[in-house]
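**Student:**
Numbering (our numbering), first residue to last: -9 to 88.
(1) For residue 48, which residues in the same chain have their Cβ closer than 6 Å to its Cβ, ignoring the five residues on either side in sequence?
(2) The alpha helix (DSSP H) spanning residue 12 covers which residue range?
(3) Helix, strand or coil: which one does DSSP assign to residue 2?
(4) So, helix, strand or coil for residue 32, using DSSP?
(5) Could you tell me whether any Cβ in chain D is nearer than 9 Å to the Cβ of residue 61?
(6) Quick check: what's the CA-CA separation for residue 43 versus residue 57?
(7) Grouping DSSP H, G and I as helix and E and B as strand, with all else coil, what is residue 41?
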């Protein structure tokens, strides 16, 4: 059996590696943010600040990667030339001048 991507051009999905990387970064960032909780183990403010900054950077980078992959897969940058099966462009109709 072949899947849909192999039937098209024989190439694999180009968004699978960035999406997996983004999910991994979200997991690592969440884990790091969870382990640097100052209310459970007080530490030096600089170390805690660095841990939180790295955790937020990983979370942000992972979210951006996943969002870009979702936008690529779902065609978020498609222009009005692409229509759905009913021929609609997805844009609001023009209002009549009054």
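Glycine residues also receive a C-beta, built at the ideal position from the N, C-alpha and C atoms.
**Tutor:** Per the coordinate set shown:
(1) Excluding sequence positions up to five before and after residue 48, its CB lies within less than 6 Å of the CB of 15, 18, 19, all in the same chain and listed in chain order.
(2) According to the DSSP assignment, residue 12 belongs to the alpha helix (DSSP H) that extends over 6 to 25.
(3) Note: residue 2 maps to coil in three-state DSSP.
(4) Residue 32: coil per DSSP, three-state reduction.
(5) No chain D appears in this structure, which consists of one protein chain only.
(6) Each residue's alpha carbon lies about 21 Å from the other.
(7) Helix.
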